[in-house]
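Heads up: the sequence lines are chains L and R, in that order.
In terms of my numbering, the first sequence opens at residue 1 and continues consecutively.
In terms of my numbering, the second sequence opens at residue 1001 and continues consecutively.
Ideal Cβ positions, reconstructed from N, Cα and C, are used throughout, including at glycine.
None of the values given here were measured: they were computed from a predicted structure.
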Amino acid sequence: MDDSLPLVRDVLDKQVLDPDGCKVGKVDGIVLQPRANRPPRVIAMEISQSAAWRRVYRRLGDLADWLRARFEPGANRPPRILFDHFVRGGIDVHIDMPWTRTRALVWEDWLEDRVIARIPGGRRGGKK
Amino acid sequence: MKNLTNVALGIVTSIGGFLDVGAIATAALAGAAFGLQMLWVLALGTICVMFLTEMAGRLACVSHHSLVDAVRERCGFRYFSFLLVGELLVDLLVLAAEIGGVAVALHLVTGIDYRWFVPIVAFALWLLIWLGTFSIVQNGASLLGLITLAFVVGMWWVGPPWHEAMRGLLPSAPSHDAARYWFTAVGIIGALFEPFMLNFYTSGAIEEKWSLKDIPMNRVTAVLGMGFGAVIAFSIVILSALTLGPHGIQVDSYEQAAFMLVQPFGSWGIPLFAACLGTACFGASLQVALNLAYLFSQGFGWNWSENLKPHEDARFAITYTLAIPLGAVLVVMLGDPLQITTFSMALNALLAPVIVFPLLILMNDRHYMREYRNHVVGNVFVSAIVVIAFLIAAVAIPLEVLGG
């Protein structure tokens, strides 16, 4: 039992960090795959508002899903990080893939290009 | 020497965090209406807030997580969603009250309607956060806020009745107008237990990369910073009791509150009050606006830091960019900044247990706090604070109706 991983305590709702320590998001949901005559297998961590709000109230999740499908740039499915990339849990979850491969920061990129860069002082480069 | 400078800066910052539009307004109201009788509420609230601040700072030093971060992670999204919605509403109202406070300060000096200043104040606020770093925003505003020491000087000038002040430190029932007395008491506690303050404090600790070696500094900062802040708030109560109460002035507006500095400083009194109100509110509005961005970014795991360029934490930057104009619109729409302030302080009291209760859990969590967990005495105190917070939250709305 020593190598067991309490999913709710050490994975769910924890901050996901990529190998460079960049914040990818929080683990909003955990995806299990049911298997015949065997325990379900953990296959992915979900980083999506709809997964999070669905845990509060199902219809809030549906609303967040509709909003994402309607407005998210290049939206298709909510970002999932396969559990194969899980390195360790605890008070943070560390993964072995860079954030650029996760699709979790599409809004960050869109806002940066379409909004922030158009405000004086918001362009790339330099330090504050 | 560097450590001493850090401690001094931390104390000044804490004074800035302690003294905002809510603290000034509730202290002035309490003094004018009930003399020195409510000093005990201020003393009780200060002791509680010292404990809470120390614990929140220790959490950040040990776990490198802010309070909101830890609440989401330890208590789950469902609990966090209540905190998110509650704090969003309360922080927007407090932001409106703080922006209104700065605008009223400018009105006191110029005589021009305060509403004209609201967009200017909001733009200045946004510009400072957009371009500034955490230390510029925090330390600059806090150093300016030292002008509020004028209240202490004014109190000495007027000559406080020390015996009566000492008696005021003992809990007592109201001699008249009980509903208003207890509503004001809730307001004072609400102004001290501002949920934004605790999370802003932990976020600041992470911005400034506090670690285990900063635990003693955190303790000194929490006790002395809040202590000095309380001295200024005590001075406002005493000044208000000695200069406004005897003339039957009940502080229905900031203009009336400003007269408390006329007796000690003469014609300089009103501009000095305006400077105190303006700088304290501007400093606090920076903290509230940033805290709204911290709340969303930490709760949803986005990149965040006031030290990053806006393109490096776009969602963080967008959050305060939207929050500030919303706060400004609220001031203009709701009118009367003093009413917004007293109402938002009661809502603060309502929300306080939602943020204080998880602190009790977190401070005993071995994963977050390791060997720096709370001892028995700390747990007894924070449990008592949780009970007080729940009691106050339970009576906040009925008192709002009866006494507000």
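Query	Result
Helix, strand or coil at Gly29 (chain L) [DSSP, three-state]	strand
Under 8 angstroms by beta carbon: chain L residues contacting Asn1374 (chain R)	None at all; the shortest Cβ gap to chain L is about 17 angstroms.
Rounded straight-line distance, which links the Cα of Leu1286 (chain R) to that of Leu1029 (chain R)	25 angstroms
Alpha helix (DSSP H) runs wholly inside the stretch 1145 to 1192 of chain R, at least 4 long, in chain order	1149 to 1158, 1162 to 1168 and 1178 to 1192
Contacts of Val116 (chain L) in chain R (Cβ-Cβ under 7 angstroms)	First, the residue type needs correcting, since residue 116 (chain L) is Ile and not Val in the sequence shown. Residues of chain R passing the Cβ test: Pro1310, His1311, Ala1314 and Ala1317.
Residue burial classification, His1176 (chain R) (beta-carbon count within 10 angstroms, cutoff 16)	exposed
Validate contact between the stretch 6 to 26 of chain L and the stretch 85 to 99 of chain L using beta carbons, cut 8 angstroms, 3 pairs	yes
contact_flag[the stretch 1316 to 1327 of chain R, the stretch 1045 to 1053 of chain R] where n(CB pairs < 8 angstroms) is 3 or more	no
Buried or exposed by the 16-neighbour rule on C-beta atoms within 10 Å, applied to Gln33 (chain L)	exposed
Nearest-angstrom Cβ-Cβ length linking Ala1185 (chain R) and Val1090 (chain R), presumed shorter than 8 angstroms	So it is not a contact: roughly 19 angstroms between Cβ atoms.
Cutoff 8 angstroms; reference Ile1011 (chain R); Cβ partners in own chain excluding five residues on either side	Val1220, Thr1221, Leu1224, Gly1225 and Phe1228
Where the alpha helix (DSSP H) through Leu1095 (chain R) begins and ends	Leu1067 to Thr1110
Integer Cβ distance of Met1363 (chain R) from Val1380 (chain R), believed to fall under 8 angstroms	Between Val1380 (chain R) and Met1363 (chain R) the Cβ distance is about 12 angstroms, and since that is not below 8 angstroms, they are no contact.
Neighbour-count burial assignment, Thr102 (chain L), 16 or more Cβ in a 10 Å radius	buried
Cutoff 9 angstroms: Asp1113 (chain R) Cβ touching any chain L Cβ	no
Per DSSP, cross-strand counterpart(s) of Gln15 (chain L)	L:Lys26 and L:Asp92
DSSP three-state assignment for Pro133 (chain L), whether helix, strand or coil	Residue 133 (chain L) is absent from the structure shown; chain L starts at 1 and stops at 128.
Chain-ordered neighbours of Arg1078 (chain R) on chain L, where CB pairs are closer than 8 angstroms	Arg55 and Val56
Among L:Leu5, L:Thr100 and L:Lys26, the one whose alpha carbon lies nearest that of Arg1072 (chain R)	L:Lys26
Contact belief for Arg1078 (chain R) with Val56 (chain L) at Cβ below 8 angstroms, rounded distance in angstroms	5 angstroms
Short-range partners of chain L found in the stretch 1355 to 1370 of chain R, where Cβ spacing is below 7 angstroms	His1367 and Tyr1368
Same chain only: Cβ atoms within 8 angstroms of Leu5 (chain L), ignoring 5 sequence neighbours per side	Val11 and Gly89
C-beta atoms of Asp20 (chain L) and Ala52 (chain L) nearer than 9 angstroms	no
Met45 (chain L) (DSSP reduced to helix, strand or coil)	strand
Option nearest Leu1236 (chain R) by Cα separation, candidates R:Ala1032, R:Val1007, R:Leu1004 and R:His1065	Here residue 1236 (chain R) is Ile; the residue named in the question, Leu, does not match the sequence. Of the listed residues, the one whose Cα sits closest to Ile1236 (chain R) is R:Ala1032.
Short CB-CB distance (under 9 angstroms) between Gln33 (chain L) and chain R	no
Range of the contiguous alpha helix (DSSP H) that encloses Arg118 (chain L)	Looking at the DSSP string, Arg118 (chain L) is not in any alpha helix (DSSP H), and its letter there is neither H nor E.
Contact list for Trp1302 (chain R) against chain L, beta-carbon separation under 8 angstroms	Lys23, Gly25 and Glu108
Inter-residue spacing [alpha-carbon to alpha-carbon] between Cys1061 (chain R) and Glu1371 (chain R)	13 angstroms
Any chain L beta carbon closer than 9 angstroms to Asp1214 (chain R)	no
Bounding residues of the beta strand (DSSP E) (the contiguous stretch that carries Ile81 (chain L))	Arg80 to Leu82
Presumed contact (8 angstroms Cβ cut-off) between Ile984 (chain R) and Ile1392 (chain R), rounded CB distance	The structure shown has nothing for residue 984 (chain R), since chain R only spans 1001 to 1404.
Within-9 angstroms CB hit, Ser1081 (chain R) to chain L	yes
Within 9 angstroms, strictly: CB atoms of Ser1305 (chain R) and Phe1117 (chain R)	no
Leu1292 (chain R) versus Val106 (chain L) - alpha carbon distance	22 angstroms
Residues, ordered as in the chain, of the stretch 1103 to 1134 of chain R that lie near chain L by beta-carbon distance below 8 angstroms	Trp1130, Leu1131, Gly1132 and Thr1133
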